[in-house]
Amino acid sequence: MADNIDLDQFLERLRSRNPGEAEFHQAVAEVVHDILPVINASPRLQQASILDRLIEPERVIGFRIVWEDDKRNVRVNRGYRVQFNSAIGPYKGGLRFHPTVNPSILKFLAFEQTFKNALTGLPMGGGKGGSDFDPRECSDGEIMRFCNSFMLQLHRHIRSDTDVPAGDINVGEREIGYLFGAYRRITNEFQPVLTGKGLSFGGSQMRTEATGYGLLYFVREMLATQGKSIDGMRVVVSGAGNVATHAVEKAVDMGARVVTLSDSRGFILDEAGLNRDKLNWVRQHKEKPGTTLEPYTEEFGARWFAGKQPWHVDCDVALPCATQNELDEEAARALAANGCTVIAEGANMPVTHAARAFIDSAGLLYGPGKASNAGGVAVSGLEISQNRVRRSHTRHEVDEDLQSIMKSIHGACVEHGTGDDGRVNYARGANVAGFRKVAHAMLGQGYG
Ligand code: GLU
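Each residue of the sequence shown is one higher than the one before, counting from 9 in our numbering.
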């Protein structure tokens with residue numbers, strides 16, 4: 009019989025085998041903490057070295073991207089695709105264009121994606137990719153040329169039955185369109201090899217809204233377990249991209265007052281509350297290269313806090329929707345002290361390890377991203393099935409499916425995360441439920 013795995017020894021070995029990859033260590037540590045009791049209780053899982061197999065990506069691809077800017081300078085960036093786990097379906101996960109992109113960030117994201125995708129109940133493995141390219145100051149032409157060059161490399165590694173990327177930070181419908189066009193021209197095939205496409209070439213209704221809307225459907229379920237509703241609650245949101253703006257939109261539709269949005273330069277506090285008109289202004293304003301949210305304050309009479317995050321603003325619910333590790337322990341303590349009782353992640357791993365520990369000890373409701381932000385990839389999964397049968401579902405049909413998927417993810421968290429005291433640890437529930445599905449598929453398929 010195999011020996012029990014010791015958490016500290018395991019993490020020590022993880023760090024020495026993946027030096028300098030702090031975000032990857034953090035993501036693995038959080039999952040392993042929750043699934044180790046399940047593994048240590050199962051000689052079969054131990055004998056199969058399931059944990060060592062689970063933390064090793066099946067493939068990590070890196071490539072050079074050469075493109076030309078508007079001044080005709082030749083520019084060089086790094087591109088990656090991490091194909092983490094394909095036990096339950098083709099690799100699936102977004103592409104991120106941001107200067108912080110590196111192998112550690114993509115390995116953490118692809119690892120998380122493996123569990124998230126399993127939770128959706130759809131047949132999708134885990135992957136993630138992207139580039140250290142920074143599109144924020146770039147013209148439309150520069151972004152298109154970059155996407156062409158990126159796909160010139162990536163097309164060798166993706167296929168509709170192998171790996172189907174989508175968007176992530178700074179990769180939205182426009183970039184997916186350029187990437188899809190490049191794939192089609194390079195291969196001469198019109199294949200559903202990307203999701204998040206435009207509606208006129210195979211995209212799904214509701215894909216753009218899905219992550220933000222799904223987050224609110226998940227929060228609705230969390231609050232319902234306590235007999236509460238978000239109607240009338242005060243909500244703080246970070247970020248101002250696709251996830252944040254659609255989270256705000258749905259929260260406002262549900263009767264909440266949302267008072268903040270943020271970007272890398274600061275945040276706006278709008279005591280009157282955001283609404284659809286203000287969100288439309290934000291979306292249009294952000295289309296211009298190199299802008300910040302600051303002019304919002306003149307437009308709508310709100311306040312701007314330069315260089316600050318919104319976590320000191322009093323609220324009932326906080327929704328971090330910007331990026332990893334944006335909410336630290338000090339921020340979590342400030343939120344709790346100011347009355348916040350629910351923190352749900354729209355971004356991937358926005359809450360630091362220390363903040364997580366505090367949130368658990370303080371007894372706040374905490375929705376981990378791999379459950380609460382799974383709506384985006386869930387609708388990507390629905391886009392794939394629509395493409396396969398060459399049929400488009402209506403907005404209403406997709407929204408109904410999204411709501412029922414978020415409800416079932418919430419149900420899985422409750423099933424696997426409810427403690428003896430009746431409290432739901434959503435992170436443990438999500439980790440254990442996702443792990444069970446992936447591990448079962450890996451065991452069933454042997455190795456070699
Ligand atoms: N990037 C999104 C995520 O973090 C969506 C991925 C996809 O649709 O494949 O889940």
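For every residue, glycine included, the Cβ atom is placed at its ideal position computed from N, Cα and C.
Computed from a predicted model, the values in this text were never measured in an experiment.
Buried/exposed call for residue 123, threshold 16 Cβ in 10 Å: buried
Residue 331: CB within 7 Å of a non-hydrogen atom of the ligand GLU: no
Taking the alpha carbon of residue 273 as the reference point, which residue from 248, 266, 267 has its own alpha carbon closest? 248
Measure the alpha-carbon distance for residue 241 versus residue 82 and round it to whole angstroms. 51 Å
Locate the alpha helix (DSSP H) running through residue 385, then write down its first and last residues. 383–396
For residue 175, write down the residues that DSSP places opposite it in a beta bridge. 103
Is residue 127 closer than 8 Å to residue 378 when the C-beta atoms are compared? yes
Euclidean distance between Cα positions of residue 98 and residue 132: 5 Å
Is residue 278 near the ligand GLU, going by C-beta to nearest heavy atom under 7 Å? no
Residue 344 vs residue 372 beta-carbon contact at 8 Å: yes
Test item: CB-CB of residue 229 and residue 414 under 8 Å: yes
The ligand GLU heavy atoms versus the CB of residue 203: any closer than 7 Å? yes
Taking 7 Å as the cut-off, is the beta-carbon of residue 121 closer than that to any non-hydrogen atom of the ligand GLU? yes
Entirely within the region 186–241 and at least 4 residues each: give me those alpha helix (DSSP H) ranges in chain order. 215–232
Given a cut-off of 8 Å, decide if residue 330 and residue 435 are closer than it, judged by their beta-carbon atoms. no
Please classify residue 384 as buried or exposed, where buried requires at least 16 neighbouring CB atoms within 10 angstroms. buried
Residue 366 versus residue 77: straight-line alpha-carbon distance, rounded: 46 Å
Name the two residues that bound the continuous beta strand (DSSP E) containing residue 45. Element bounds for residue 45: not the beta strand (DSSP E) but the alpha helix (DSSP H), 30–48.
Measuring straight from C-alpha to C-alpha, what distance separates residue 238 and residue 142? 36 Å
According to DSSP, which residues form a beta bridge with residue 336? Bridge partners of residue 336: none, in fact.
Excluding the 5 residues preceding and the 5 following residue 95 in the sequence, name in chain order all residues of the same chain whose CB lies nearer than 6 Å to its CB. 446, 449, 450
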